[in-house]
Amino acid sequence: MEGMTVYLFTYGYRLLKEILLLIGYFMIFGKCGAKRYKAFIPFVKEYTLSLCADREKDGRAYTVFSGLQLIINVFAAFIPKESMFVRVLGVCDIILTVTLLVYGIRIYLGLAEVFKRSKKWVVLFILFEGVICLIWGFSSKFVPYKKIDSISKNSGAAVSGVSADTISSGLSVNITYRRVIDFFRKRYLLKDIHLNIPKGHLVLLLGGSGAGKTTFVNAVTGYEKANADIRLDERDIYKDYKNMKYDVGFVPQQDLMRENDTVLLTLQDAASLRLPSDISFRNRKGRISEVLDIFGLTAIKSSLVEKLSGGQKKRLSIAMEYISNPTLFILDEPDSGLDGVVARNLFEKLREIANTGKIVIVITHTPDRVIDLFDDVIVLAKDRSRTGRLAFYGPVKEAYDFFQKKSMEEILLSINQQDEGGEGRADEFVEKYAELLKRKVG
Amino acid sequence: MQDKKVRHKGRLAQIFIYLGKLFRMFIFQNDWKVLPMAAIIAGMVSFVLGSSLFKTMEGTKMGTFALTCVCIWNGFFNSIQVVCRERPIVKREHRSGLHISSYIAAHMIYQAFLCLSQTVIIILICKIVGVAFPEKSMFFEWSIIDIGISLFLITYSADMMALMVSSIVRSTTTAMTLMPFLLIFQLVFSGGFFNLPDNVLPISNITISKWGLTVLCSQGDYNSLPMVSIWNNMVKLKNVEIGGEKPIKDLLIEVEKEGYNEWIMKQCGNQNQDPKYAFSADIILNCWKYLILFTICYAMIAVIFLEFIDLDKR
């Protein structure tokens, strides 16, 4: 009889807690702009709560660990209780419970922040989860200061519906979209980007954080394929990626080199990887010394990489890619950490490279000090659906007229979202440029 | 439209490029320090346990277990950080045409060199300290070579396990956090030194330590050695008085006087035979087979995981 009472009390308590949680979540989701029915779906409800708390990553982890715990419990139910394996599963269960508790605390901390409430509420959430959720759900005193970004509700800026013609000499980019499936949600990273870059052009790639600059570069180089047609001198980069990747040089933002190698050995190894295997030893040696000369590294060729200055390391990093003499050369913030004079010298070098008939695309956050060296500018902006869109592509001077601004920094400010301190006019310019493009195409 | 078919360095050529890099790192980037470290650890262990190693059953089990641990420790330390510390560089190079299989193969060759050097150092140190290696050998004229192969395979297998971990994790901090867990797992689940419950015993089959301990005990002809623990325990009881007399002490004196003490220890050993440590070519080859199998599996897993390096967050 006593056992029965304990049993009823335990399960009655659990049931009551679950009912309170369901109702509480149902109401909280409504306040946060999430779909209320998600409160009834196991796992989805915890994840949605994390979205309400602006702790999406923690919510993912929580959902995954909850799933694991469920699997373990199901397994344990089918295994004889005296089995050693049940004990192992029991240990795993305890580990997961502790992990879930930590992630739960993180989510509730986020919820307290979003609802602008004291963090002390987290303790109450842990102890009396159901009741507290109910209070937060029903009381009009608990209101979030921001709602879930409902990306799916926003269709984003209008698309141009035109595409760039393939040019015989240069880079033709026609990106319809670049999409990822992220934790059961489709997210568009890039959409509707069409442009042609002729050879010999030094192009600035401008955009605020999250505008999709690196995604664009990766899509163009074929490193992360998009729904797109990318052609370099009419050759399809995606179809012939294996061969064409050597014709595309990408210099990452960080100087990713082995510190304890010398400059010469670093370049020699880069040449061994990137140059064709049938090139003679003499020609390879000649190319290495030519590149050392171009980037002013000859005098320090025997120095260890760790002994180089920031500017020298950057030049070596660029030289490593330039060794294969690529037609398309892309640099991600090559001037980060460099002072004005050194940065200027570097960009002048890039200008010289472009003048040899290469296409050089540069991402930089401080373009105004070297803007006179650029031919064109690509402006990428996040539209209201948080997708990277083309807000402008053309000569630098035309960009000033298009945006009615006097500097690149001002342009950047105008397209950045308001919560990032910008003017939030991205959609306006994306649509304006789409119209311009349509008129040009006729 | 011009269709350019340009060939670049293949897998084999890339192995040599990376081997060059790794040996340069050995000289310039303090990788060489794993060799004196191996000497220090081997020295400590052989000073403490060397006197009874390959002389008594207990000393052999304890000593070979310690030697196995030294090898696993060396192997782990050799490569636990080698890939994860340069992961962004590998990602960049992969983008530029690096074959992951070549990269891991270069590491395998380089690590084999390190493990071999460490094995030689361990044997030298043991010799210097005065460890008496078994007189009987199975495959070569000198037992030192047989045992050397085992020590190398244990070290190399542990090394490849660490290389696999280093290829899976994305930071040196994670790798170094995981390492003690792996080490404890190897020590606890070896199944030879600590008694494991029957239903957990199969887990020991996937540990390097089990096969390492088994092969070294087998090569040390464990079953032919005397068992001294019973004698030592009796010595501890020598002062026990029964009816005002010390019969155990009297017995021990009598046995020693008659020269039966070694016979007793030998008999004790004969009654405690462990078939899995028998001095047999089959057992030794089986252990080697498992260690090589582990090595190959770990290397393959390392390649598979590293192939996904492009998915690393920017």
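Residue numbers (this note's numbering), protein chains in the order written: chain A, 50 to 491; chain B, 1223 to 1536. Note that beta-carbon positions come from the ideal geometry of N, C-alpha and C, so glycine has one too.
Cβ of residue i within 9 Å of Cβ of residue j?
i, j, result
"arginine 307 of chain A", "isoleucine 1237 of chain B", "no"
"phenylalanine 1530 of chain B", "methionine 1383 of chain B", "no"
"leucine 1539 of chain B", "valine 1391 of chain B", "Nothing can be reported for residue 1539 of chain B, as the shown portion of chain B is limited to 1223 through 1536."
"glycine 153 of chain A", "isoleucine 181 of chain A", "no"
"leucine 65 of chain A", "serine 115 of chain A", "no"
"aspartate 1180 of chain B", "leucine 1241 of chain B", "Because residue 1180 of chain B is not part of the residues shown, which for chain B are 1223 to 1536, the question remains open."
"tyrosine 96 of chain A", "tyrosine 74 of chain A", "no"
"tyrosine 442 of chain A", "aspartate 1532 of chain B", "no"
"aspartate 241 of chain A", "glycine 159 of chain A", "no"
"proline 1424 of chain B", "methionine 1487 of chain B", "no"
"threonine 270 of chain A", "isoleucine 379 of chain A", "yes"
"phenylalanine 299 of chain A", "valine 266 of chain A", "yes"
"isoleucine 1506 of chain B", "methionine 1279 of chain B", "no"
"serine 1301 of chain B", "serine 1372 of chain B", "no"
"alanine 403 of chain A", "leucine 220 of chain A", "no"
"isoleucine 1369 of chain B", "glycine 1297 of chain B", "no"
"alanine 213 of chain A", "leucine 244 of chain A", "yes"
"leucine 377 of chain A", "serine 1318 of chain B", "no"
"phenylalanine 1362 of chain B", "leucine 1338 of chain B", "no"
"proline 444 of chain A", "valine 426 of chain A", "yes"
Kindly indicate the opening and closing residues of the beta strand (DSSP E) around residue i.
i, result
"alanine 430 of chain A", "425–431"
"arginine 280 of chain A", "276–281"
"alanine 440 of chain A", "437–444"
"isoleucine 410 of chain A", "408–412"
Under the assumption that residue i contacts residue j (Cβ atoms under 8 Å), give the Cβ distance between them as a whole number of angstroms.
i, j, result
"alanine 1397 of chain B", "isoleucine 1343 of chain B", "Wrong, their Cβ atoms sit about 24 Å apart, outside the cutoff."
"alanine 1380 of chain B", "cysteine 1293 of chain B", "6 Å"
"valine 1305 of chain B", "leucine 1385 of chain B", "7 Å"
"valine 1270 of chain B", "phenylalanine 1299 of chain B", "Going by Cβ atoms, the distance from valine 1270 of chain B to phenylalanine 1299 of chain B rounds to 20 Å, so no, they are not a contact pair."
"tyrosine 1378 of chain B", "alanine 1328 of chain B", "At roughly 15 Å, the Cβ-Cβ gap does not stay under 8 Å, so tyrosine 1378 of chain B and alanine 1328 of chain B are not in contact."
"alanine 448 of chain A", "valine 479 of chain A", "About 14 Å separates the two Cβ atoms, so there is no contact after all."
"isoleucine 337 of chain A", "alanine 320 of chain A", "6 Å"
"threonine 395 of chain A", "proline 383 of chain A", "It should be pointed out that residue 395 of chain A corresponds to leucine in this sequence rather than to threonine. Indeed they touch by this definition, with Cβ atoms about 6 Å apart."
"leucine 69 of chain A", "glycine 139 of chain A", "Not really, about 28 Å apart at Cβ, beyond 8 Å."
Span of the alpha helix (DSSP H) holding residue i?
i, result
"asparagine 1455 of chain B", "1451–1458"
"asparagine 1417 of chain B", "Segment: none, asparagine 1417 of chain B is in no alpha helix (DSSP H) and carries neither H nor E."
"asparagine 245 of chain A", "First-last for asparagine 245 of chain A: 234–247, but that is the beta strand (DSSP E), not the alpha helix (DSSP H)."
"tyrosine 226 of chain A", "Per DSSP, tyrosine 226 of chain A belongs to no alpha helix (DSSP H); it is in the beta strand (DSSP E), 219–231."
"leucine 395 of chain A", "389–404"
"glycine 79 of chain A", "51–81"
"valine 1462 of chain B", "Neither: valine 1462 of chain B is in no alpha helix (DSSP H) and is coded neither H nor E."
"leucine 1438 of chain B", "1430–1441"
"leucine 1507 of chain B", "1503–1528"
"valine 252 of chain A", "First-last for valine 252 of chain A: 251–256, but that is the beta strand (DSSP E), not the alpha helix (DSSP H)."
"serine 1389 of chain B", "1365–1390"
"isoleucine 144 of chain A", "133–163"
"glutamate 178 of chain A", "178–187"
"phenylalanine 1276 of chain B", "Unbroken run through phenylalanine 1276 of chain B: none, as it is neither H nor E."
"phenylalanine 1355 of chain B", "First-last for phenylalanine 1355 of chain B: undefined, no H or E at that position."
"leucine 1533 of chain B", "Premise fails: leucine 1533 of chain B is in no alpha helix (DSSP H) and is neither H nor E."
"serine 115 of chain A", "105–127"
"cysteine 1306 of chain B", "From DSSP, cysteine 1306 of chain B is part of no alpha helix (DSSP H); its letter is neither H nor E."
"aspartate 476 of chain A", "475–490"
"glycine 1491 of chain B", "1483–1492"
"isoleucine 1475 of chain B", "1469–1480"
"threonine 264 of chain A", "262–270"
Are there any heavy atoms of the ligand ADP lying less than 8 Å away from the beta-carbon of residue i, as far as the coordinates show?
i, result
"lysine 487 of chain A", "Within the structure as shown, the ligand ADP is missing, as the structure has no ligands at all."
Let me check one thing: in DSSP terms, what residues is residue i bridge-paired to?
i, result
"isoleucine 343 of chain A", "For isoleucine 343 of chain A, which the question treats as bridged, DSSP gives no partner whatsoever."
"phenylalanine 299 of chain A", "A:Ile379"
"threonine 311 of chain A", "A:Leu353"
"histidine 1230 of chain B", "A:Pro325"
"arginine 284 of chain A", "A:Leu281"
Are the region 409–420 of chain A and the region 225–239 of chain A in contact at 8 Å, needing three or more beta carbon pairs?
-> no
With a cut-off of 8 Å, do at least 3 Cβ pairs link the region 203–214 of chain A to the region 383–399 of chain A?
-> no
On the three-pair Cβ rule with 8 Å, is the region 435–448 of chain A touching the region 251–270 of chain A?
-> yes
contact_flag[the region 272–280 of chain A, the region 475–484 of chain A] where n(CB pairs < 8 Å) is 3 or more = no
Using 8 Å as the threshold, is the region 404–413 of chain A in touch with the region 237–256 of chain A, meaning 3 or more CB pairs across them?
-> yes
Do three or more CB pairs link the region 1442–1457 of chain B to the region 1489–1501 of chain B at distances below 8 Å?
-> yes
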